[in-house]
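Chemist: Top line first, the protein sequences correspond to chains A and B. Straight run, no breaks: the first sequence in the numbering used here ends on number 382. Straight run, no breaks: the second sequence in the numbering used here ends on number 221. Where a beta carbon is used, it is the ideal one built from N, C-alpha and C, also for glycine. Questions regarding the structure given below will be posed in turn.
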Amino acid sequence: MRTTLLFIPGNHPAMLQNADVFGADGIILDLEDAVAATEKDAARALVGEYLKSWKLDTPELLVRVNGLPSGWFEADLEAIACDRLSAIVYPKAGVEELYEVDRILSEVETRHHLNHPIGIIPIIESAQGVVETDDISYLPRLKGMLLGGEDLSADMEISRTREGAELAYPRARLSFACKAAGIDAIDTPFADVNDAEGLLADARTARSLGFTGKAVIHPNQITTIQQAFCPDPKEIFWARRVIAAAADAAKKHQGAFSLDGKMIDKPVIKRAEGILLRAGITDRATADEPK
Amino acid sequence: MKIGSAGTLTSNDALVTVREGVGISVSIESIVDAFFHDQIDWAVKGELARLNVRNIHVTVQDKGALDFTIRARVRTAIERMEG
Numbered sequence: 092m093r094t095t096l097l098f099i100p101g102n103h104p105a106m107l108q109n110a111d112v113f114g115a116d117g118i119i120l121d122l123e124d125a126v127a128a129t130e131k132d133a134a135r136a137l138v139g140e141y142l143k144s145w146k147l148d149t150p151e152l153l154v155r156v157n158g159l160p161s162g163w164f165e166a167d168l169e170a171i172a173c174d175r176l177s178a179i180v181y182p183k184a185g186v187e188e189l190y191e192v193d194r195i196l197s198e199v200e201t202r203h204h205l206n207h208p209i210g211i212i213p214i215i216e217s218a219q220g221v222v223e224t225d226d227i228s229y230l231p232r233l234k235g236m237l238l239g240g241e242d243l244s245a246d247m248e249i250s251r252t253r254e255g256a257e258l259a260y261p262r263a264r265l266s267f268a269c270k271a272a273g274i275d276a277i278d279t280p281f282a283d284v285n286d287a288e289g290l291l292a293d294a295r296t297a298r299s300l301g302f303t304g305k306a307v308i309h310p311n312q313i314t315t316i317q318q319a320f321c322p323d324p325k326e327i328f329w330a331r332r333v334i335a336a337a338a339d340a341a342k343k344h345q346g347a348f349s350l351d352g353k354m355i356d357k358p359v360i361k362r363a364e365g366i367l368l369r370a371g372i373t374d375r376a377t378a379d380e381p382k
Numbered sequence: 139m140k141i142g143s144a145g146t147l148t149s150n151d152a153l154v155t156v157r158e159g160v161g162i163s164v165s166i167e168s169i170v171d172a173f174f175h176d177q178i179d180w181a182v183k184g185e186l187a188r189l190n191v192r193n194i195h196v197t198v199q200d201k202g203a204l205d206f207t208i209r210a211r212v213r214t215a216i217e218r219m220e221g
């Protein structure tokens with residue numbers, strides 16, 4: 092589950108060595124925008140050593156690499172390729188480029204004798220990327236897609252707002268493409284790290300559109316995003332009741348049935364299962380009604 | 139004489155400076171020298187061995203860096219020295 096993916100600057104040892112304590116599901120070690128051009132070499136060496144020294148199973152470790160046009164992509168990959176690396180986060184993604192990225196990754200995996208393939212999470216942050224999301228979503232190695240609202244707004248020559256209405260179309264496009272392809276839809280970071288109320292509203296909007304998680308640019312955003320994405324007690328109570336009623340109905344060989352006067356059929360049961368899954372609940376016994 | 143450096147003097151980092159030398163010598167200044175001098179020395183020499191570097195002088199100004207940082211800073215400093 093990738094509900095929270097926390098960006099950590101790749102050339103910052105203090106932040107790297109504490110990256111696992113904040114409770115994010117994944118950490119994106121950033122070699123791109125967070126690192127000055129003159130420090131790219133130092134950052135990739137540091138991130139490479141960090142990955143190789145990593146001893147834990149969680150959180151998931153990802154690296155935002157520099158894109159192919161930068162000329163730094165292949166050096167980044169050489170430095171970070173190891174079995175601890177779950178996926179690269181690829182900036183300003185487009186279909187053609189991602190085929191080339193896949194080819195290069197295959198070569199690197201062979202050369203480094205890796206035991207598992209390196210995944211890709213492309214960042215959709217250009218108008219071209221948005222219109223290509225359907226094609227991108229079915230490319231090999233994809234674990235999800237991440238919406239990059241700041242660069243996308245710059246590309247579109249529009250302003251970002253607190254409410255994020257300008258992102259309604261790309262958000263919808265990306266979440267549908269990800270759902271159809273069975274991969275994670277990860278929402279753009281919320282830029283104001285001191286606006287918890289705005290963050291909560293923004294994350295709830297993303298969740299309501301079908302996003303499965305959100306990128307994080309400051310550790311103080313993690314709890315708020317988890318709160319927005321985790322089902323609330325009423326939803327969990329409802330889901331448990333649906334699952335319990337479905338089990339009873341199955342014993343009676345009923346397809347659809349009624350609960351509180353509303354028809355319950357397969358799609359509703361599937362939604363209830365999804366709520367329990369997101370809440371991390373494996374014990375499906377009916378709980379007490381929340382106060 | 140060729141010189142290379144990498145890292146910073148901020149907390150949990152180390153500023154590593156390398157220059158050509160005869161044999162291997164390592165100078166360490168660390169805020170945790172009393173406890174971790176040997177470990178820093180070991181990390182530096184391990185990275186030099188991995189890179190097959192045999193003639194170099196390394197200065198480490200350590201601000202509490204972990205091994206992975208020391209290794210990375212040594213490697214980058216050498217790569218920068220070699221241009």
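Spatial neighbours of A:T373 within its chain, please: C-beta separation below 6 angstroms, excluding the five flanking residues on both sides.
Modeler: Excluding positions up to five away in sequence, the list is empty.
Chemist: Return helix, strand or coil for A:Y190, following the three-state DSSP convention.
Modeler: helix
Chemist: By the three-class DSSP mapping on this structure, what secondary structure does A:M354 have?
Modeler: In this structure, A:M354 counts as strand in the three-state DSSP scheme.
Chemist: Go ahead and pull the three-state DSSP assignment for A:L151.
Modeler: What sits at residue 151 of chain A in the sequence shown is Glu, not Leu. Strand, per DSSP.
Chemist: Starting from A:G210, trace the alpha helix (DSSP H) both ways and give me its first and last residue.
Modeler: A:G210 -> not in any alpha helix (DSSP H); beta strand (DSSP E) instead, spanning G210 to I215.
Chemist: Less than 7 angstroms between the beta carbons of A:A337 and A:I366, yes or no?
Modeler: no
Chemist: What are the partner residues of A:Y260, as DSSP defines its beta bridges?
Modeler: For A:Y260, which the question treats as bridged, DSSP gives no partner whatsoever.
Chemist: Tell me which residue opens and which closes the alpha helix (DSSP H) that A:T94 is part of.
Modeler: Note, A:T94: premise wrong, no alpha helix (DSSP H); not H, not E.
Chemist: Which of the three DSSP states, helix, strand or coil, is assigned to A:H207?
Modeler: Three-state DSSP puts A:H207 in coil, outside helix and strand.
Chemist: Is the stretch 222 to 240 of chain A touching the stretch 269 to 285 of chain A, taking contact as three or more C-beta pairs under 8 angstroms?
Modeler: yes
Chemist: Going along the chain, which unbroken runs of the alpha helix (DSSP H) with 4 or more residues stay wholly within the stretch 217 to 282 of chain A?
Modeler: 218 to 222, 224 to 227, 240 to 247 and 259 to 272
Chemist: Between A:F320 and A:G304, which are expected to be in contact by the criterion C-beta below 8 angstroms, what is the C-beta distance as a whole number of angstroms?
Modeler: About 7 angstroms separates the Cβ atoms of A:F320 and A:G304, confirming a contact at the 8 angstroms cut-off.
Chemist: Compare the C-beta of B:R209 with all C-beta atoms of chain A and state if any pair is closer than 7 angstroms.
Modeler: yes
Chemist: Closer than 7 angstroms, CB to CB, is A:A110 near chain B or not?
Modeler: no
Chemist: Taking the C-alpha atoms as reference points, what is the distance between A:D167 and A:L122?
Modeler: 8 angstroms
Chemist: Does the beta carbon of A:D174 come closer than 7 angstroms to any beta carbon on chain B?
Modeler: no
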